[in-house]
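Okay, structure first, notes after.
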Amino acid sequence: MAIQGPIPVTYAMVFPHGCYIVGEVEPVKDFDASAGGRFVQARDKQTAELVWQVAVMDGDPTLKPAQKTLAVKILAPVQPTPPQSMPGLPFTPVEFDGITVTPYVNAAGRLAYSIKAREMRPPRHTQVKAPAGKDAA
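Here the sequence shown stands for residues 1 to 137, numbered as in the UniProt record's numbering.
Here it is in structure tokens:
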């Protein structure tokens, strides 16, 4: 098979309804190397870059509540900085570049995906829509 390793995808393919930061950017623990109370940060197997993660909420309105929040791993030499929060929004909108997905079978025996990105940034196009039935002023 021609596909080996992580599969490159676009942000729009993974989050067609956008996504929002709902947690802090944190280092990912290397469970094999961390021992005796010593924390060792994970490195990506392909690039050897440090791995960070941030919890995001998928904006897809059709998802069940348990499916809305997921972790996106970010490969970066230093801790990525989230975009500035936006006035009037309870969560910070975010976009990711250089996304790959890696399918795997989780502990429940179901197909799951690990999402990794190269960059986290503010959305390029931010639209604030008027509530249904209201005219925009």
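Every residue, glycine too, gets a C-beta built ideally from N, C-alpha and C. Owing to the predicted nature of the structure, the values given are computational and were not obtained by experimental measurement.
- With respect to the C-alpha of residue 119, the residue from 97, 107, 104, 113 having the closest C-alpha is 97.
- Relative to residue 79, the option among 50, 18, 85, 38 whose CA is nearest is 50.
- Separation of residue 59 and residue 19 (C-alpha to C-alpha, rounded to the nearest whole angstrom) is 5 Å.
- Around the C-beta of residue 40, fewer than 16 other C-beta atoms lie within 10 Å, and the residue is accordingly described as exposed.
- Here residue 83 carries a coil assignment [DSSP, helix/strand/coil].
- Contact check for residue 30 against residue 42 passes: the beta carbons are separated by less than 8 Å.
- At a Cβ-Cβ threshold of 8 Å, residue 73 and residue 45 do not count as neighbours.
- Taken through DSSP and simplified to helix, strand or coil, residue 72 comes out as strand.
- No Cβ-Cβ contact shorter than 8 Å links residue 103 with residue 92.
- Here residue 94 is buried, its C-beta having at least 16 other C-beta atoms within 10 Å.
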